[in-house]
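Only one structure is covered here, and it is reproduced in the block below.
Number of protein chains: 2
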Amino acid sequence: MPIDREGKLPLYRQIANELRRDIEAGRYAAGRRLPSENELAAYYEVNRLTIRKGICLLVEEGLCEKVPGRGTFVSEQQAALSARSA
Amino acid sequence: MPIDREGKLPLYRQIANELRRDIEAGRYAAGRRLPSENELAAYYEVNRLTIRKGICLLVEEGLCEKVPGRGTFVSEQQAALSARSA
DNA sequence: AAATATTTGTACGTATGTATG
DNA sequence: GCATACATACGTACAAATATT
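Sequence order for the protein chains is A and B.
Following my numbering, the numbering of the first sequence begins with 1 at its first residue and continues without gaps.
Following my numbering, the numbering of the second sequence begins with 87 at its first residue and continues without gaps.
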């Protein structure tokens, strides 16, 4: 159970950490689409806006890119990085 | 620099005064939408809830009307008033 | 072409917790 | 204790872009 509601870390940061871990572990291939915000919200049992806030951090880090109407995608560079380290 | 954090007036009252001034100065046309709460929060560098509290005063005064999910709009009457005084 | 579904984007509404004066 | 202010989180509604049927 990844998310700790009693923890000190805000949920959206925990979400960001989880997703970052998954990306860096290569669980999402180069340019692949992440699950939709609604799917992630259902999976982690948090509000969709909390997911968005977490993903926003990853976008700022350059790990992800969002495309309106399409989804959120793993940045190519990041995919290359995790492939290299794998 | 409109907002004075050292002043005696609470921030939300200062915000209300600023917005009221802008409306009465005709800077927002009849029925026009104000900047979103988030935009105002960024502009004045205060929390969104502080903006909300300030706008709430204007709504009580009849200067503005809020529409859930759409925004805050200048009341038509008020627009007429400021047009008259202009 | 049209209608529908999916997905991200935006905006207000509400509640709780924390900190400060 | 109370008012002010901020951070977090969820709720709800609708718009815009895209994809599908």
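Ideal Cβ positions, reconstructed from N, Cα and C, are used throughout, including at glycine.
Here the structure is a predicted model, which is why all the values come from computation and not from measurement.
The beta carbon of residue 108/B lies closer than 7 Å to those of 114 in the same chain, with the five residues before and after it left out. Contact between residue 74/A and residue 30/A holds, since their C-beta atoms are separated by about 7 Å, short of 8 Å. If you look at residue 66/A, you'll find it in the beta strand (DSSP E) that goes 64-67. By alpha-carbon distance to residue 24/A, the top candidate from 58/A, 10/A, 72/A is 58/A. Residue 140/B sits in a helix when the DSSP states are folded into three classes. Counting C-beta atoms within 10 angstroms of its own C-beta, residue 95/B has fewer than 16 neighbours from the protein chains shown and is therefore classed as exposed. Going by beta carbons, residue 150/B and residue 105/B fall inside the 9 Å limit. For residue 22/A, the uninterrupted alpha helix (DSSP H) segment begins and ends at 11-24. Nearest Cα to residue 69/A within the set 5/A, 37/A, 15/A: 37/A. When DSSP states are grouped into helix, strand and coil, residue 5/A belongs to the coil group. Residue 157/B: member of the beta strand (DSSP E) spanning 157-160, first to last residue. The beta-bridge partner set that DSSP reports for residue 33/A consists of 73/A. Cβ atoms of residue 48/A and residue 72/A stay farther apart than 8 Å, at about 12 Å. Cα atoms of residue 162/B and residue 147/B: separation of roughly 13 Å, rounded to the nearest angstrom. Straight across, the Cα-Cα distance linking residue 55/A with residue 2/A is about 16 Å. DSSP, reduced to helix, strand and coil, places residue 131/B outside both helices and strands of the structure shown, so it counts as coil.
Contact annotation, residue 44/A with residue 15/A: C-beta distance approximately 6 Å; criterion of less than 8 Å satisfied.
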